[in-house]
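Take 1 as the starting number for the sequence shown in this note's numbering and just add one per residue.
Heads up, the beta-carbon is just placed ideally off N, CA and C, and yes, glycines get one too.
All values reported here derive from a predicted model rather than from experimental measurement.
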Amino acid sequence: MKTLKATTVTYSENLEGREYFQVLFEEEGAPKRGGYVLLQRQFEMPDGGESYFECDEFERSGHYIIRKAKLSRNKFEIETPGRRGGKWVISFELEEDRYEQLKEVLQIILRKPSRLIIEGDS
1 MKTLKATTVT
11 YSENLEGREY
21 FQVLFEEEGA
31 PKRGGYVLLQ
41 RQFEMPDGGE
51 SYFECDEFER
61 SGHYIIRKAK
71 LSRNKFEIET
81 PGRRGGKWVI
91 SFELEEDRYE
101 QLKEVLQIIL
111 RKPSRLIIEG
121 DS
């Protein structure tokens, strides 16, 4: 298991066609010295439900159906499958409105067949 304390959390999307979504968690100094986790999904072409996952351990990067991901107010946990897979626990701090936007983008990226559990939602 790898842990990161993200000092920067960014998310973006193609607002015009809503075809491309991305979330990036970075430690201070990333990508040169620190860790990072990048999660992307595109909807221009059929993708079989796979998201693109990348981290500072590039050999673990690839396209996956993410079966285990959990988001809480200050933490994101993700597990990638297969022999190259692994588990990452990322802590972060965001204002409430930015957290809500992050949650929305992650729900789009990790929609079925992937699975995202959101703790604290009623």
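Kindly indicate which three-state DSSP category E26 falls into: helix, strand or coil?
strand
I'd like to know if the region 83 to 99 and the region 53 to 62 are in contact, where contact means that at least 3 CB-CB pairs between them fall below 8 Å.
yes
Distance check for Y36 and S114, CA to CA, integer angstroms please.
21 Å
If you draw a straight line from the alpha carbon of C55 to that of V9, how long is it in whole angstroms?
14 Å
So, with DSSP's three-state summary, where would you put L106?
helix
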